[in-house]
Amino acid sequence: MKQELWMEPDDCQTFCLAGPRGDNARALMGAGSRLVWEVEADSYFDAMSQYYAYMDWGEYRSDFPEQDKTSYKALGWCDQDQPCQREPA
């Protein structure tokens with residue numbers, strides 16, 4: 179699933195899902211915010227790991243790795259331009 183990194187004029191960042199799932203986050207951004215990076219990720223953990231690598235912040239660690247490593251597909255989430263089928267349990 180595609181994720182986006184946005185920079186706001188005050189140097190704040192927003193890292194959110196692309197497409198309709200990120201609409202609410204993007205609605206909170208100030209005027210003049212700009213998209214600076216996009217990445218495909220299979221899970222929240224994957225997305226955050228790639229984000230941390232991009233920002234050169236070291237290794238991403240989660241307090242809830244089991245939940246965070248659940249794939250978006252297993253959650254029934256999909257990109258808007260792809261068919262969505264939940265993975266078998």
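Take the sequence shown: its position 39, counting from 1, is numbered 217 in our numbering, and each next residue is one higher.
From the three backbone atoms N, C-alpha and C, an ideal C-beta is built for every residue, glycine too.
The three-state reading of DSSP puts Ser249 in strand, counting E and B together. Checking the DSSP bridge columns, you'll see Gln181 partnered with Leu195 and Val217.
The segment 229 to 248 makes no contact with the segment 201 to 209: fewer than 3 CB pairs, one atom from each, lie closer than 8 Å. Here Met185 is not near Asp257, since their CB atoms are 7 Å or more apart. Taking 8 Å as the upper bound for CB-CB distance, Glu218 and Gly200 are not in contact here, some 14 Å apart.
C-alpha of Glu216 to C-alpha of Gln245: approximately 23 Å in a straight line.
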